[in-house]
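Take 5 as the starting number for the sequence shown in the working numbering and just add one per residue.
Quick notes on the structure that follows.
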Amino acid sequence: MQELVPLRYGRMLASPFTFYRGSAYLMAADLASAPRTDLKVQLCGDAHLSNFGSFAAPDRRLIFDLNDFDETLPGPFEWDVKRMVASFAVAGRDREFDDAERRAVNLAAASSYREAMQDLAQMRKLDVWYARLDVDELDAVMSSQVKAKHLKRFRKNVAKAQSKNSIKAFSKLVEIVDGRPRLINDPPTIVRVQDLMPDKEVQEVEDTLHGLLRTYRRTLRGDYRHLLEGFRFTDAARKVVGVGSVGTRSWIVLLVGNDDQDPLFLQAKEAQASVLEPFLGKSAYTSHGQRVVEGQRLMQSASDVMLGWVKAKGFDGVERDFIVRQLWDGKGSAIVEAMDPTSMTGYARICGSTLARAHARSGDPVAIASYLGSGDRFDRAVSTFAEAYADQNERDYAALRRAVADGRIVAQRG
């Protein structure tokens, strides 16, 4: 949405790291100009370190995995690896690590990917498919790799993620007006549908939303469709999210089940063409919502039971694709700004092995493992690339700052 683009630029201006998070297209263009392998996987497309995190699996266990698939598309495996390792190089500079510390982090991310892929190449296909990392297992890994204060912070972060559910969202995002629950108004980040249009059009829009929910329901598995049918629409609002996603349309929908103490929050987020498409070709799916959902289901070890897609006509009459998922369901992410070299090295190893597992689900782990080899040549090459790309990222960030200072681009902090 054009009025939110200045907010996106404002968030990207916060630091070279936030700029990196919002510049997946720039990196895709740079990667496209370099040699590539023929080893195809389902790419995340934006596998930076903040796009890994926790969420609740259908069995309600908290797991750690990739959690953002807006740019997903089939492509060469190394594009995701380079995006991931370069994000650690950029974050390391943001945290003022020295050259040796950053190199150790970069090598940890790359070597962990390589070693995990070698292990996956030895596994049965079903075992690869079922493999996942529970947060309880992650706790055991962290216990052996980080200092006590960072382990304490990790556990506090996990506890916070475990509390992020629809009940918590209800307490934060809902107010009771005339005895009925409705979403709060907090412009520009949250604006209720009723405040985006004339009163006479509100009922028409709500009727449209009911129809869209029925259409979206058909993209769910049968038992999940039945579950959703037990909830009724109550309210909806526009919500600004993320860094790279600011400027795209995102909505939150409040539904209730038995009563107001039985809420379900859904997020409908616009799915546009992947930034990879100009370089890797168009998606096989006509709906970008379906592209994102199918890619996510393929790469994740477990996915949200409410994950689906829908095509919707906006207030301007233009049809757009959306993915739909739960707004809060155990979602948590690493606190990058609190990491020291030791904890970031440990986190890099976890992200590297997680990415390998996601790639092995769609690609050929034997072929990829064979290409990577058993030595550290790949690790060193990717680490060197990551530092060089961090240099490029700083140049691009400086260019954005100049453009804002000169008035060529409008940025709004927030």
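Yeah, the Cβ is synthetic: ideal placement off N, Cα and C, and Gly gets one too.
Counting the other Cβ atoms within 10 Å of the Cβ of Thr349 gives 16 or more, which makes it buried. Around the beta carbon of His214, a 10 Å sphere encloses fewer than 16 other beta carbons of the protein chains shown; the residue is thus reported as exposed. Sequence-distant Cβ neighbours of Val260 in its own chain, meaning closer than 8 angstroms and more than five residues away, are Pro185, Phe235, Arg236, Thr238, Asp266, Pro267 and Leu268. Within 10 angstroms of the beta-carbon of Ser37 lie fewer than 16 other beta-carbons, which makes it exposed.
Each residue's CA atom was taken as its position, placing Asp98 and Ile171 some 35 angstroms apart. Relative to the Cα of Tyr393, the nearest Cα in the group Glu141, Trp332, Met31 and Asp320 belongs to Met31.
With fewer than 16 other beta carbons inside 10 angstroms of its own, Val414 counts as exposed. By the Cβ rule, the region 79-95 does not count as touching the region 179-195, because fewer than three pairs are nearer than 8 angstroms. Straight through space, the alpha carbons of Asp264 and Arg353 are spaced by roughly 43 angstroms.
Secondary structure note for Gly312: its beta strand (DSSP E) is the uninterrupted segment Gly312 to Lys317. Bridge pairing for Phe237: Leu259 [DSSP]. With a threshold of 16 other beta carbon atoms within 10 Å, Tyr134 falls short and is exposed. Distances from the CA of Asp72 to each of Pro80, Leu302 and Phe283 were compared; the closest alpha carbon is that of Leu302. Taking 4 residues as the minimum length, the alpha helix (DSSP H) runs contained wholly in the region 318-374 are 345-366, in order along the chain. Within the region 15-61, complete beta strand (DSSP E) segments of at least 3 residues are found at 44-47 and 56-60, given in chain order.
Distance between Ala402 and Gly14, taken at the CA atoms: about 14 angstroms.
With at least 16 other beta carbons inside 10 angstroms of its own, Asp308 counts as buried. Secondary structure of Arg405 (DSSP, three-state): helix.
In the DSSP assignment, the residues bridged to Ser254 are Lys273.
Taking Phe68 as the centre and dropping the five residues before and after it, the same chain places the C-beta of Phe56, Gly57, Ser58, Leu137, Asp138, Val139, Leu142, Ile354 and Thr358 closer than 8 angstroms to its C-beta, in chain order. Judged by beta-carbon spacing, Gly79 lies within the 8 angstroms limit of Lys44, meaning their Cβ atoms are closer than that value. DSSP places Arg184 within a strand segment (E or B) once states are collapsed to three. Only residues of its own chain outside the window of five on either side were considered, and among them Arg186 and Ile188 have a CB closer than 7 angstroms to the CB of Glu179, listed in chain order.
Taking 4 residues as the minimum length, the alpha helix (DSSP H) runs contained wholly in the region 140-211 are 152-167 and 170-177, in order along the chain. Trp255 places its beta carbon less than 8 angstroms from that of Ala240. Annotation for Leu280: no alpha helix (DSSP H) segment contains it, and DSSP assigns it neither H nor E. The Cβ-Cβ distance between Val340 and Ser54 falls below 8 angstroms.
In the three-state DSSP reduction, Lys243 falls in the strand class (E or B). When the alpha-carbon of Val162 is set against those of Thr41, Gly312, Ser116 and Leu66, the nearest one is in Leu66. Excluding sequence positions up to five before and after Glu208, its CB lies less than 7 angstroms from no other CB in the same chain.
Nearest neighbour of Ala33 by Cα position, chosen from Met16, Ala104 and Leu284, turns out to be Leu284. DSSP lists Ser58 and Leu137 as the beta-bridge partner residues of Phe68. Selection Ala165, Ser167 and Ile194 evaluated against Leu177 yields Ile194 as nearest (Cα-Cα). Around Ala108, the same chain offers Pro345 and Thr349 as residues with beta carbons nearer than 8 angstroms, after the five sequence neighbours per side are excluded. Secondary structure at Gly79: strand, using DSSP grouped into helix, strand and coil. Secondary structure of Leu268 (DSSP, three-state): strand.
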